[in-house]
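What follows is one structure encoded as structure tokens, with my remarks underneath.
There are 2 protein chains.
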Amino acid sequence: MSEDRITEQLAFLAEIDALKSVVRQSRIVDRSRRENSAEHSWHLAMFALVLADDETVDTARVIKLLLVHDIVEIDAGDAPMHGNHDSKEVEARENAAAERLFGLLPDDQAAKLSALWREFEAAETPEARFAKALDRLQPLLLNTLTGGGTWTENHVTEQQVHDRYGPTIQRGSPILWRQAQDLVRRHFSDANDGL
Amino acid sequence: MSEDRITEQLAFLAEIDALKSVVRQSRIVDRSRRENSAEHSWHLAMFALVLADDETVDTARVIKLLLVHDIVEIDAGDAPMHGNHDSKEVEARENAAAERLFGLLPDDQAAKLSALWREFEAAETPEARFAKALDRLQPLLLNTLTGGGTWTENHVTEQQVHDRYGPTIQRGSPILWRQAQDLVRRHFSDANDGL
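If you're matching them up, the sequences are chains A and B in order.
Letter 125 of the first sequence, counting from 1, is numbered 125 in the UniProt record's numbering, and no numbers are missing.
Letter 133 of the second sequence, counting from 1, is numbered 133 in the UniProt record's numbering, and no numbers are missing.
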């Protein structure tokens, strides 16, 4: 490692500190505040460490995909799930963000981290599909633990939860989607009892 | 994966959400607030992904050590570096925390994650020593980026920085310590110029 190389690496690591200030829609379990994208990324990496262990995917690779998957939000912002977005515009913003942010690294590592991010986005490898499933499962779990969370705030119905979370979780892990459906069913049944 | 197994795994993943509410002493780079241990763990995992790449350590293992290294703080709290602690008491609290928290997982995974945490604490393997070095390097970098941060707050001298950060960083990565010393020297020299 040359000094210049480490200087570039530390500049990148200082810059991505800003992910701690990107605020998502989900509330943390104690409901005191909304979650930021840096702690969300840690939580997802822990989901991978625990849940990928029983799957036929490369756990370490799933973890790496999840560690980098939200870094582009530093420039491009978080696109909330239950909102309307121009997907072409989001994609253009995120591509520019990836170029600037990963571009702070030495060239070989810029290529490597960009490739991880693109692999996650493309959702074609088993690891990327599983990582995407976890990225849907985690806010689903948080919502069931916080009285409905973003579902309640956005008047999202049980059917909409199935439509918006189901395909991605099912594609990455059918068994996790089966179990998630139980959580969703129980949540909406309790919510209806409370009316 | 059985349903009971996933239920235990999700209970653990819900419980460790609380790491997002454990507040550390370091400020995030924009100085708006102190850092929490969950986002700190993500940041460290990124340090590993970028910096371990050039070392002779198993990067994936360093990342796993860092993802779990602070989980015991959920019960035991963070022990600030520049404070006085009864280390026996901290150790007892952290052991009890590890038993309760990792104990929420299925037995095989409880053993696995406890082993990762103990490996980090023991700092005997090259991966654990490198992880420990990053856990010192990250707050050092944050302090140099936030006008001295916890050093200024606690009247820590340049010599004390060397004594408290040097041995751990040096032991995990001599080259990173050489570069960190430059950052420290520059920080204290600028600070003195400002007097």
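Here a beta-carbon is modelled for each residue, glycine too, at the ideal position from N, C-alpha and C.
Contacts that residue i makes with chain C (C-beta to C-beta distance below 8 Å)
i, result
"A:I6", "Within the model displayed, chain C is absent; protein chains A and B are what it includes."
Short CB-CB distance (under 8 Å) between residue i and chain B
i, result
"A:K132", "no"
"A:Q9", "yes"
"A:L141", "yes"
Contacts of residue i in chain A (Cβ-Cβ under 7 Å)
i, result
"B:E3", "Q179"
"B:Q159", "Ordered by position in chain A, no residue passes the 7 Å Cβ test against B:Q159, which lies about 23 Å from the chain."
Cross-chain neighbours of residue i in chain B, by beta carbon under 9 Å
i, result
"A:F120", "What A:F120 touches in chain B: nothing, since even the nearest Cβ is about 14 Å away."
Test: residue i CB closer than 8 Å to a CB of chain A
i, result
"B:I74", "no"
N-terminal and C-terminal residue of the alpha helix (DSSP H) that residue i is part of
i, result
"B:R93", "S87 to F102"
"B:N36", "Looking at the DSSP string, B:N36 is not in any alpha helix (DSSP H); the run it does join, the beta strand (DSSP E), is R34 to N36."
"B:R118", "D107 to A122"
"A:D53", "Where A:D53 is concerned, there is no enclosing alpha helix (DSSP H), given that its DSSP letter is neither H nor E."
"A:P167", "E158 to G172"
"B:V62", "T59 to V68"
"B:G149", "G149 to E153"
Contact list for residue i against chain B, beta-carbon separation under 8 Å
i, result
"A:H43", "L13, I16, D17, K20 and A38"
Residue i, DSSP secondary structure in three states
i, result
"B:R186", "helix"
"B:R5", "helix"
"B:V22", "coil"
"B:R27", "strand"
"A:A128", "helix"
"B:A79", "coil"
"B:I74", "helix"
"A:N143", "helix"
"B:N84", "coil"
Contacts that residue i makes with chain A (C-beta to C-beta distance below 9 Å)
i, result
"B:L101", "None at all; the shortest Cβ gap to chain A is about 11 Å."
"B:L104", "Result: empty, since nearest Cβ-Cβ is about 10 Å, beyond 9 Å."
Proximal chain A residues relative to residue i, where beta-carbon distance stays under 8 Å
i, result
"B:Q109", "V50 and D53"
heavy atom of the ligand ADP below 7 Å from residue i C-beta
i, result
"B:G147", "Here there are no bound small molecules, and the ligand ADP is not part of this structure."
Chain A contacts made by the region 15 to 41 of chain B, where a contact means CB separation under 8 Å: I16, D17, A18, L19, K20, S21, I28, V29, D30, S32, E35, N36, A38, E39 and S41
Residues in the region 46 to 70 of chain A having any Cβ partner in chain B nearer than 7 Å: M46, F47, L49, V50, L51, D53, D54, A60, I63, K64 and L67
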